[in-house]
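The C-terminal position of the sequence shown is numbered 114 in the numbering used here, with every residue numbered one higher than the one before it. All remarks here apply to the structure that follows.
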Amino acid sequence: MKTVAEMSVEELKELIRQVIAEQREYFLDEDGWLVFTSEEAYSRYLAFHPDKMPSELKACFIDENGVKADYSDYELTEEGLRRVEEGRKQIAEGKFVTLEESRRRRMAREGKARKKAV
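This is how it looks when you write it as structure tokens:
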């Protein structure tokens, strides 16, 4: 390990960046999400916004495995409620798709998307 006197200006700048990064509770990622370095900091942030659901805030935290995570909504949003009601109506009308059919359709859509990309 070098002393500060032995470091170049660039090495010193990098050391300072690392120290500051370790002290921050959050940062903005490349997609514009507010990323918290702990679940506790994320939870405190959510507490400051009691009028919003977690899905309405572009925020997440890094869990103990280094994976970005966020909380699910405590209650369904209007869009979620609409989708659930639509599904219930389709089931009542006998218009539903089996899991196997849903998978087949998804695989067909993904196959078409890959062909277009090539």
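The beta-carbon is built from N, C-alpha and C at its ideal position, and this holds for glycine as well.
Residues sharing a beta bridge with residue i, DSSP
| i | result |
| --- | --- |
| Val0 | BP columns for Val0 are empty, so no partner. |
| Ile58 | Lys64 |
| Tyr22 | Phe32 |
Residues near residue i by beta carbon distance below 8 Å, same chain, minus five either side
| i | result |
| --- | --- |
| Leu53 | Leu30, Tyr41, Leu42, His45 |
| Gln86 | Phe92 |
9 Å Cβ cutoff met for residue i and residue j
| i | j | result |
| --- | --- | --- |
| Pro50 | Asp25 | no |
| Phe57 | Asp47 | no |
| Glu130 | Ser39 | Residue 130 is absent from the structure shown; the chain starts at -3 and stops at 114. |
| Glu7 | Lys(-2) | yes |
Sequence-distant residues of the same chain with beta carbon closer than 7 Å to residue i, five excluded per side
| i | result |
| --- | --- |
| Val80 | Leu72 |
Residue from the options with nearest C-alpha to residue i
| i | options | result |
| --- | --- | --- |
| Phe23 | Gln86, Lys85, Ala37 | Ala37 |
| Gln19 | Arg105, Phe32, Leu77, Leu8 | Phe32 |
| Gly28 | Ala55, Gly107, Ile12, Arg13 | Ala55 |
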